[in-house]
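Worksheet for the structure shown next.
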Amino acid sequence: MIIATGTASGKSLAFLLPCAAAIADGGNVLYLSPTKALAADQQRSLAELALPGVRSAVYDGDTPSEERAWIRAHANYVLTNPDMLHHAVLGRHAAWAGFLRRLRYVVIDEAHRYRGVFGSHVAQIVRRLRRVCARYRGEPTFILASATTATPEESARRLTGLPVRAVTDDAAPRAALSFALVEPELTDLVGENGAPVRRTATAEAADLLAGLAIEGVRTLAFVRSRQGAELVAMSARRALTEAKEHDLVDRVAAYRAGYLAGDRRGLEESLRSGELLGLASTNALELGVDIAGLDAVVMAGWPGTLASLWQQAGRAGRTGEDALAVFIARDDPLDTYLVHHPEAVFGRPVESTVLDPDNPYVLGPHLCAAAAEIPLTEDDLPVFGPAAEEVLADLVERKMLRRRPRGWFWTRRDRAADLADIRGAGGPPVQIADAESGQLLGTVDEAAAHSTVHDGAVYLHQGLTYVVDRLDLDAGVALVRGANPEYSTWARDVTEIEVRATLREASWGPSAAVHFGEATVTRQVVAYLKRDVRTGSVLGEQPLDLPARTLRSRAVWWTLGPEAEERLRAAGVEPRGAAHAAEHAAIGLLPLFATCDRWDIGGVSTALHADTGRLTVFVYDGHEGGAGFAERGYAAARAWLTATREAIATCECLDGCPSCIQSPKCGSGNDPLSKSGALHLLDAVLDDA
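Spelled out as structure tokens, the structure:
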């Protein structure tokens, strides 16, 4: 069953009642949360209820080792996350035999968060859990709780592999919510290639957070990145100091993943009690952490999906009081499109969740883990889906598994669970350490390290600013030193793409065709920009020497026919600049049609591609094996490219800017780009669509 209703509609109570009844009857409950913060909050709520017979405990990476044995032996309501289930429960299922034998309910909270590659990994973890439970003659009922989404039954079925019934009636009372869409003003500065520059969303959010604190308004500001959350908090505190509101400076803070558990819990309690007036957070606090009494929510940039937007806005006004939500547009095509098309926010149903449990790059490691838990047999294949048999054959050929008469066996000495990087899909972690003290500050996966902790990168941690002295990929460490630069850094990359197989295609008359298929992407971070933290203006560019990374993924691409291309040339359109501009804008608008972020996808454009022989624009999934985003783009190609054209046409700039065709991660310095050429190109593509 999936309960798909709005924020503060009583979903927790709906699943808690049958769970408490099951415990009273001698059963056990396993609760899965995508974040530690949510699990800790649920545990606090359970403790306050003091339900008779309920022995609840959080089992995550912060749980002391001496408590873990007690939890396995005595807890009947275990709160954990997919990471711990993957690494610490399923592989040690014999130690959990008593718990699993009596497992009656598995609760998957905030199920809409399991999307893309992460969702595909969790889908396979759930299938492994079902299989291990069957070993102990258990057949638990799955209850999923989700924000309102499109097709909740289908999303839940793909996540669990089971038939699902949806509950979508929401009768919860709602307080009034005032919702503002804000586009920051243009500054007097000139950006890259002479483009106009808007004030940054983070700067606008920081000023708003400070102003609301002065008015005594309890506010939560959501920021897209860890460094962004730190920057908003620092800037808000600086603004309060400049306003001589010294007693309020310490009542504004940042919250993000990577903090120690005690620090996170302290911040949550300070916000809950009212000691903190303002908190700048990543989406770690988007989920159902119960923080009553919030008056306002500020969102610095599109949070990725409409479901997340309403989830974040719903953090305010939970006590029945009127509330304020403010969406501040970043200077990019999607955010700009939304503030000029409010119907895309308020008049549109929320998206369905995109995940692909049959992704072979996800399925393979989990089949290895499943075989290590209990040798796989033919009877297990339906649990893992139609792709399992082919993937198993490949694993045997690569000597990852051994095929014997009784099934498939894991015979290697290393841990099979370590093959699946369920959240990052980006290689082993790189440790970030202070070069002077040796103190470990945090970690980042290797793929992200190229963009975030390269030599010279600015790194923020708990209100302190560092600059990376050296990134050593072989040693897996980035050494940083304390500094106070007045700039932030943005990595730039160059990308090449090769078509491996065309899986689907559609002709749009003689002018154009759209395709979907498999591709190999080679990407290399080649430089980084320095941007003024107050204005966002570019201060300079520094080259980098980092190795290229290869990705086997899926892509959507469209090609232009020779006659249409000839018409463009006759109109004076330069094909490379037109295709490049259309590519940037299309990447920016795809999150409107697929539940992704622009950083989940990438693009390549060329006036003549070797594999197609034509002008071609590619948009690809930035995850090994694909994530379903490009496939969604192919399915919605007409609407997607129509919105892309409209976003470019309605932008008030003359020759292109970050709000329409410029990209912050473009490896070629946003050159060449042609705004008028992109409009001509998209007109030609859509002419017969």
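FYI, full-length UniProt numbering numbers position 408 of the sequence shown as 408, with every residue one higher than the one before it.
A virtual CB, placed ideally from N, CA and C, is assigned to each residue, including glycine.
Asked                                                                                                                           : Found
Counted within 10 angstroms of its Cβ, other Cβ atoms place Ser178 as buried (16 or more) or exposed                            : exposed
Within the UniProt domain "Helicase C-terminal" (207-361), ranges of the beta strand (DSSP E) (whole runs, at least 3 residues) : 219-223, 252-255, 278-281, 296-300, 323-328
Backbone secondary structure at His623 - three-state DSSP                                                                       : coil
Contained beta strand (DSSP E) runs [length at least 3] in the region 53-134, N- to C-terminal order                            : 56-58, 77-80, 103-108
Straight-line Cα distance separating Arg523 from Leu245                                                                         : Residue 245 is actually Glu in this sequence, not Leu. Going by the C-alpha atoms only, they are around 47 Å apart.
Three CB pairs or more closer than 8 Å across the region 589-609 and the region 622-635                                         : yes
Spatial neighbours of Leu212 in its chain, beta-carbon cut-off 6 Å, leaving aside the 5 residues before and after               : Thr219, Ala296
Other residues of its chain near Leu381: CB distance less than 7 Å, five sequence neighbours each side excluded                 : Ala388, Glu389
Residue interval of the beta strand (DSSP E) (run including Gln462)                                                             : Run containing Gln462: none; DSSP gives neither H nor E here.
As assigned by DSSP and simplified to three states, the class of Ala371                                                         : helix
Classification of Glu67 by the beta-carbon crowding that lies within 10 angstroms, buried from 16 upward                        : exposed
Limits of the unbroken alpha helix (DSSP H) element including Leu159                                                            : 152-160
Assigned exposure category for Ala393 - 16 Cβ within 10 Å defines buried                                                        : exposed
Distance, Gln42 Cα to Thr63 Cα                                                                                                  : 15 Å
Three-way DSSP call (helix, strand, coil) for Leu686 in this model                                                              : helix
Run of the alpha helix (DSSP H) containing Asp394, from where it starts to where it stops                                       : 388-397
Neighbour-count burial assignment, Asn359, 16 or more Cβ in a 10 Å radius                                                       : buried
Inter-residue CB distance, Leu546 and Val525 (contact presumed, cutoff 8 Å)                                                     : 5 Å
Where the beta strand (DSSP E) containing Asp515 begins and where it ends                                                       : Before going on, a small fix: residue 515 reads as His here, not Asp. Unbroken beta strand (DSSP E) run through His515: 512-532.
Sequence-distant residues of the same chain with beta carbon closer than 6 Å to Arg224, five excluded per side                  : Gly301
Strand pairing of Cys666, partner residues [DSSP]                                                                               : Asp493
Pro382 - partner residues in DSSP beta bridges                                                                                  : DSSP output for Pro382 lists no bridge partner at all.
Inter-stretch contact at 8 Å, needing at least 3 Cβ pairs: the region 478-488 / the region 428-444                              : yes
Helix, strand or coil at residue 690 [DSSP, three-state]                                                                        : Outside the shown range of the chain (1 to 689) lies residue 690, about which nothing can therefore be said.
7 Å CB neighbourhood of Leu109 in its chain, flanking five on each side removed                                                 : For the sequence presented, residue 109 should be read as Asp rather than Leu. Within the same chain, Asp109 has close Cβ partners Tyr31, Leu32, Ser33, Leu38, Ala145, Gly288.
Secondary structure of Phe593, DSSP reduced to three states                                                                     : coil
Touch test, the region 338-345 against the region 358-376, Cβ-Cβ under 8 Å, three pairs minimum                                 : no
Proximity test, Cβ basis, 8 Å: Thr612 and chain D                                                                               : Here there is only one protein chain, and chain D is not present.
Whether Leu441 touches Ala581 by CB criterion (8 Å)                                                                             : no
Cβ contact check for the region 41-56 and the region 86-99: 3 or more pairs under 8 Å                                           : no
DSSP three-state assignment for Ala425, whether helix, strand or coil                                                           : Residue placement at Ala425 cannot be trusted, given a pLDDT of 49 that sits under 50; what the coordinates show is reported in the next sentence. If DSSP states are grouped into helix, strand and coil, Ala425 belongs with coil.
Extent of the continuous alpha helix (DSSP H) to which Thr452 belongs                                                           : 446-452
Segment limits, alpha helix (DSSP H) that includes Arg481                                                                       : Element bounds for Arg481: not the alpha helix (DSSP H) but the beta strand (DSSP E), 477-482.
Residue range of the unbroken beta strand (DSSP E) whose run includes Pro196                                                    : 196-198
Rounded straight-line distance, which links the Cα of Thr305 to that of Pro173                                                  : 24 Å
Neighbour-count burial assignment, Ala425, 16 or more Cβ in a 10 Å radius                                                       : Because Ala425 sits at a pLDDT of 49, beneath the cut-off of 50, its placement in the model cannot be relied upon, and the following sentence gives the value as read from the coordinates. The residue in question, Ala425, is buried, as its Cβ has 16 or more Cβ neighbours within 10 Å.
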